[in-house]
Amino acid sequence: MQSSELTNEMLLSMLKESDHRAFEEIYRRFWRSLFRQLYAKSGDMELAEELTQKIFVSLWERRADLQIQFLPSYLDAAARFSFINHLKSVIKAERFANVAKSEEESKQQQSSLDALAAKELMAQLYDGLEKLSPKTRQIFVMSRLEYQPIKKIALALHLSEKAVEYHITKSLKSLRIILRDYLAVAILAISVSLTLVFS
Numbered sequence: 000m001q002s003s004e005l006t007n008e009m010l011l012s013m014l015k016e017s018d019h020r021a022f023e024e025i026y027r028r029f030w031r032s033l034f035r036q037l038y039a040k041s042g043d044m045e046l047a048e049e050l051t052q053k054i055f056v057s058l059w060e061r062r063a064d065l066q067i068q069f070l071p072s073y074l075d076a077a078a079r080f081s082f083i084n085h086l087k088s089v090i091k092a093e094r095f096a097n098v099a100k101s102e103e104e105s106k107q108q109q110s111s112l113d114a115l116a117a118k119e120l121m122a123q124l125y126d127g128l129e130k131l132s133p134k135t136r137q138i139f140v141m142s143r144l145e146y147q148p149i150k151k152i153a154l155a156l157h158l159s160e161k162a163v164e165y166h167i168t169k170s171l172k173s174l175r176i177i178l179r180d181y182l183a184v185a186i187l188a189i190s191v192s193l194t195l196v197f198s
């Protein structure tokens, strides 16, 4: 079978076995889209290329330990956090270069980046919600975003409480799968961020 005929799932399985052909095919399929995403965020072609390369280096180095459900969403999240961590490293460098910068100002910059990460996560959440059925999505919003009790939701939608519980369980299960890769990268990004802060 030609490399181009392999599914992403097949490539991930082969990658875990240190198959260079699989890695090269993943690189061929996704390098351009990741580069474009990072270039759009940074406006710097050289930086975008450097960050893109680092994503693939990390993918290869951590191939045996990665638990990836959907390769495109994992790489998309990796690009987002790669850029956020780059911004944090720039702030750290500026902090040491300019000792007169107040601690409060640094905290405000860090807070802004944390807010950006939270915004990215919410964007992923809403993308995930769009993939749910209208009824399941409506019940999830009422329960988890509007904090309405199950009994009130059941009365409002003329459903049994068990039916409401079913839709909530279904939505949480679906979102957990959809967000799994994004959160995996988020956890990695947090560890990198702590290294930047304390190194």
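Numbering (numbering that gives the first Met the number 0), first residue to last: 0 to 198.
The C-beta atom is built at its ideal place from N, Cα and C for all residues, glycine as well.
Quick caveat: nothing in here was measured; it's all calculated off a predicted structure.
Proximity of residue i and residue j at Cβ, strictly below 9 Å
i           : j           : result
residue 136 : residue 170 : yes
residue 25  : residue 50  : no
residue 70  : residue 124 : no
residue 41  : residue 80  : no
Short CB-CB distance (under 9 Å) between residue i and chain D
i          : result
residue 46 : Chain labels in this structure do not include chain D; a single protein chain is all it has.
Neighbour-count burial assignment, residue i, 16 or more Cβ in a 10 Å radius
i           : result
residue 154 : exposed
residue 36  : buried
residue 44  : exposed
residue 99  : Low per-residue confidence applies at residue 99: pLDDT is 47, beneath 50, and the placement is therefore not dependable, though the value from the model is reported in the following sentence. Its Cβ having fewer than 16 others within 10 Å, residue 99 is exposed.
residue 12  : exposed
residue 175 : exposed
residue 54  : buried
CA-to-CA distance, residue j to residue i, given in whole angstroms
i           : j           : result
residue 142 : residue 148 : 6 Å
residue 86  : residue 152 : 43 Å
residue 128 : residue 145 : 15 Å
residue 172 : residue 74  : 22 Å
residue 139 : residue 19  : 42 Å
residue 34  : residue 76  : 13 Å
residue 134 : residue 166 : 8 Å
residue 3   : residue 132 : 33 Å
residue 168 : residue 68  : 20 Å
residue 39  : residue 157 : 47 Å
residue 163 : residue 7   : 35 Å
residue 14  : residue 84  : 26 Å
residue 52  : residue 126 : 27 Å
residue 46  : residue 27  : 19 Å
residue 21  : residue 56  : 14 Å
residue 32  : residue 23  : 15 Å
residue 48  : residue 130 : 32 Å
residue 30  : residue 122 : 23 Å
residue 1   : residue 16  : 18 Å
residue 63  : residue 78  : 20 Å
residue 65  : residue 88  : 24 Å
residue 161 : residue 72  : 33 Å
residue 5   : residue 60  : 22 Å
Return the chain-ordered ranges of every alpha helix (DSSP H) run that is complete within the stretch 7-82 and spans a minimum of 4 residues. Segments of the alpha helix (DSSP H) lying fully in the stretch 7-82: 7-15, 19-41 and 44-60.
Unbroken alpha helix (DSSP H) runs of length 4 or more, entirely within the stretch 132-166: which are they? Secondary structure within the stretch 132-166: the alpha helix (DSSP H) runs of 4 or more consecutive residues, fully enclosed, are 133-139 and 149-156 (chain order).
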